[in-house]
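Undergrad: A single structure is presented below for examination.
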Amino acid sequence: MKSVAIIGAQWGDEGKGKLTDLLAEKSDLVVRYQGGHNAGHTIWVNGQKTVLHVIPSGILHKHCLSVIGHGVVLEPQNFFNELKNINSITKVTPDNLKVSSSATVITSYHRLLDAARESQGPEKIGTTGKGIGPAYEDKVSRRGIKVKDLLDKDTLIRRLSSGFAEKAILFKHLYQIDIPSIDEEVERLYQYGIQMKDFVTDTFSLIDESARSGKKVLYEGAQGILLDIDYGTYPYVTSSSTAMAGIFTGAGLPQGQLDEVIGVAKAYTTRVGEGPFPTELFDEIGATLQKKGNEIGATTGRKRRCGWLDLPLLRYAIKCSKLTSVALTKVDILSGLPELKVCYAYEIGGKVVDCAYPGINLYQAKPLYREFKSFEDDFTSAPSKEFNEYLEYIESQLGIPVGIYAFGPDRNQIKMRTDFF
Ligand code: GDP
Ligand code: IMO
Ligand code: MG
41 MKSVAIIGAQ WGDEGKGKLT DLLAEKSDLV VRYQGGHNAG HTIWVNGQKT
91 VLHVIPSGIL HKHCLSVIGH GVVLEPQNFF NELKNINSIT KVTPDNLKVS
141 SSATVITSYH RLLDAARESQ GPEKIGTTGK GIGPAYEDKV SRRGIKVKDL
191 LDKDTLIRRL SSGFAEKAIL FKHLYQIDIP SIDEEVERLY QYGIQMKDFV
241 TDTFSLIDES ARSGKKVLYE GAQGILLDID YGTYPYVTSS STAMAGIFTG
291 AGLPQGQLDE VIGVAKAYTT RVGEGPFPTE LFDEIGATLQ KKGNEIGATT
341 GRKRRCGWLD LPLLRYAIKC SKLTSVALTK VDILSGLPEL KVCYAYEIGG
391 KVVDCAYPGI NLYQAKPLYR EFKSFEDDFT SAPSKEFNEY LEYIESQLGI
441 PVGIYAFGPD RNQIKMRTDF F
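Residue numbering for the sequence shown follows the numbering used here, beginning at 41 and increasing consecutively.
Pasting the structure below:
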């Protein structure tokens with residue numbers, strides 16, 4: 041296989057970072073194609089934890105080229121902080137990390153606007169407060185700043201001035217917040233541009249040339265399909281195309297096709313921020329999943345909401361991204377629980393619905409559960425009959441294989457049932 045995608049199949053935090061790090065071992069390129077430092081991808085190697093936000097999760101592998109594609113929104117200060125952290129573990133240079141000259145820059149104004157809307161606006165989304173939405177808004181309204189603009193002061197002044205007058209009025213009169221002047225922001229961003237110069241390139245042609253010379257490309261999604269701007273649970277979504285389509289728009293797929301699209305799903309469901317969540321648990325089991333699963337956001341430190349595995353959501357995710365297999369993570373958290381349930385369908389208005397199509401009101405969905413005999417595996421020996429039954433049920437319901445399951449945070453706490461690459 042030459043190209044594989046790893047995509048979150050739920051509401052994010054499914055374990056994409058861990059899986060990407062693992063598959064990066066056999067990849068030549070690892071490419072991020074959307075989102076920004078709203079992502080928090082955790083990797084554990086020999087007891088050492090690394091949390092990546094915008095830098096691809098292949099970075100710990102020396103042979104691997106990490107690529108930040110043009111669909112990503114990049115906040116320069118975070119980028120260099122992250123680089124500094126990684127440099128204490130492994131040396132990162134422009135030889136193993138490339139940034140698209142066409143990626144969109146997140147400015148101070150975007151971050152401040154995101155925070156102001158969340159704290160003062162009428163409808164809270166529960167964003168990560170990193171300026172993601174406002175940066176994508178400017179991109180789409182053609183007033184965004186591209187990474188290449190950081191390299192030329194005159195262009196930077198021109199691009200930053202575009203739309204500034206409108207924002208200044210919002211900050212002054214609506215939100216009553218002081219903001220940096222254009223001169224201050226230009227100077228700050230330009231200094232980052234100087235530092236970033238050697239990392240910046242045309243990543244589309246880089247991917248094209250690599251794929252044509254037979255290199256293996258791994259695409260790393262951020263967030264999850266249910267947070268997609270078009271497919272997700274709008275308005276409680278992020279502002280990018282997190283589903284498979286985002287690869288085409290956010291990095292390019294010059295090799296024409298993906299050989300495998302892996303949907304990463306937790307063996308239960310979590311969500312951070314606002315929005316519907318049919319299988320959410322407000323009881324002891326929910327609290328146990330949160331505690332045992334250490335369900336705390338890697339970017340914002342917020343507690344994640346927890347609930348049972350939701351197959352109607354996964355059936356929908358499969359259709360949105362043409363998933364070819366599932367990587368089921370955190371099965372160890374379910375092991376030994378006093379009860380074990382999987383939602384196989386919803387009841388809505390007296391009807392049974394088995395796919396979370398966008399026309400469905402998820403607030404009205406009453407989950408229908410199949411109960412399982414709990415398994416008590418420690419995953420160091422052959423899987424128990426109960427665990428196999430649970431996996432087989434999920435596969436038969438979804439119609440695609442569980443190619444991988446993970447049973448702990450460390451790189452090698454994983455079972456590959458299919459060989460990728
Ligand atoms: P991502 O955003 O999809 O990369 O996921 P996060 O890193 O935000 O959240 C996943 C969390 O679960 C991290 O703390 C991982 O270290 C951890 N994790 C991943 N897979 C497993 C697993 O199979 N078992 C356990 N116990 N933890 C896991
Ligand atoms: P990874 O890649 C989980 C959520 C936020 C909020 C909504 C919009 O680690 O899976 P934003 O700041 O993007 O405008 O927030 O999306 N969100 C995530 N939830 N994991 C993530 O990333 C997320 N990135 C954004 O909590 O509900
Ligand atoms: Mg995360």
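Glycine is no exception: its CB is placed at the ideal position from the N, C-alpha and C atoms.
#1: Spell out the partners DSSP gives residue 412 in its beta bridges.
#2: If we ignore side chains and look at the alpha-carbon of each, how far apart do residue 117 and residue 146 end up?
#3: Does the distance from the C-beta atom of residue 304 to that of residue 205 stay below 7 Å?
#4: Given this structure, state the Cα-to-Cα distance separating residue 109 from residue 96, to the nearest angstrom.
#5: If we count the other Cβ atoms within 10 Å of its Cβ and call it buried at 16 or more, is residue 180 buried or exposed?
#6: How many Å lie between residue 360 and residue 261 at the Cα?
#7: Assuming residue 257 and residue 295 form a contact by the criterion Cβ under 8 Å, report the distance between their Cβ atoms to the nearest whole angstrom.
#8: Report whether the distance from the Cβ of residue 80 to the nearest heavy atom of ligand 3 is below 6 Å.
#9: Go to residue 243, then tell me how far its alpha helix (DSSP H) extends in each direction, as first and last residue.
#10: Which residues does DSSP pair with residue 455 in a beta bridge?
#11: Can you tell me whether residue 292 is buried or exposed, with buried defined as 16 or more other CB within 10 angstroms of its CB?
#12: From what residue to what residue does the beta strand (DSSP E) around residue 289 run?
#13: In this structure, how does DSSP classify residue 116 when only helix, strand and coil are distinguished?
#14: Beta-carbon within less than 7 Å of residue 48's beta-carbon, same chain only, minus the 5 sequence neighbours each way: which residues are those?
#15: Give me whichever residues DSSP pairs with residue 349 in a beta bridge.
#16: Tell whether a beta-carbon distance below 7 Å holds between residue 365 and residue 440.
#17: Three-state secondary structure (DSSP) at residue 364?
#18: Have a look at 91, 51, 78, 87 and flag the residue whose alpha-carbon is nearest the alpha-carbon of residue 60.
#19: Could you pull the start and end residues of the beta strand (DSSP E) that residue 72 belongs to?
#20: To the nearest angstrom, report how far apart residue 437 and residue 350 are at their CA atoms.
#21: Does the segment 171–179 come close enough to the segment 146–156 to have 3 or more Cβ pairs within less than 8 Å?
#22: Are residue 316 and residue 273 closer than 7 Å when you measure CB to CB?
#23: Work out the CA separation of residue 395 and residue 362 for me, nearest whole Å.
#24: With the cut-off set at 7 Å, would you say residue 373 and residue 332 are in Cβ contact?
#25: Between the segment 381–398 and the segment 339–355, are three or more C-beta pairs nearer than 8 Å?
#26: Can you give the Cα-Cα distance for residue 450 and residue 358, rounded to whole angstroms?
#27: Rounded to a whole number of angstroms, what is the C-alpha to C-alpha distance between residue 157 and residue 164?
#28: Please report the residue range of the alpha helix (DSSP H) in which residue 60 lies.
#29: For residue 450, which three-state DSSP category applies?
#30: Does DSSP put residue 356 in a helix, in a strand, or in coil?
#31: When we look at the beta-carbon of residue 178 and count the other beta-carbons within 10 Å, is it buried (16 or more) or exposed?
#32: With the cut-off set at 7 Å, would you say residue 77 and residue 93 are in Cβ contact?
#33: Are the Cβ atoms of residue 83 and residue 126 separated by less than 7 Å?
#34: Who does residue 182 pair with in a DSSP beta bridge?
#35: Going by DSSP in three states, residue 149 sits in which element: helix, strand or coil?
#36: Ligand 1 heavy atoms versus the CB of residue 164: any closer than 6 Å?
TA: If we stick to the structure as given:
#1: 380
#2: 10 Å
#3: no
#4: 10 Å
#5: exposed
#6: 14 Å
#7: 7 Å
#8: yes
#9: 243–252
#10: 445
#11: buried
#12: Element bounds for residue 289: not the beta strand (DSSP E) but the alpha helix (DSSP H), 285–290.
#13: helix
#14: 54, 56, 261, 263, 264, 265, 282, 304
#15: 382
#16: yes
#17: coil
#18: 91
#19: 69–72
#20: 11 Å
#21: yes
#22: yes
#23: 15 Å
#24: yes
#25: yes
#26: 27 Å
#27: 8 Å
#28: 56–64
#29: strand
#30: helix
#31: buried
#32: yes
#33: no
#34: According to DSSP, which records beta bridges pairwise, residue 182 is partnered with nothing at all.
#35: helix
#36: no
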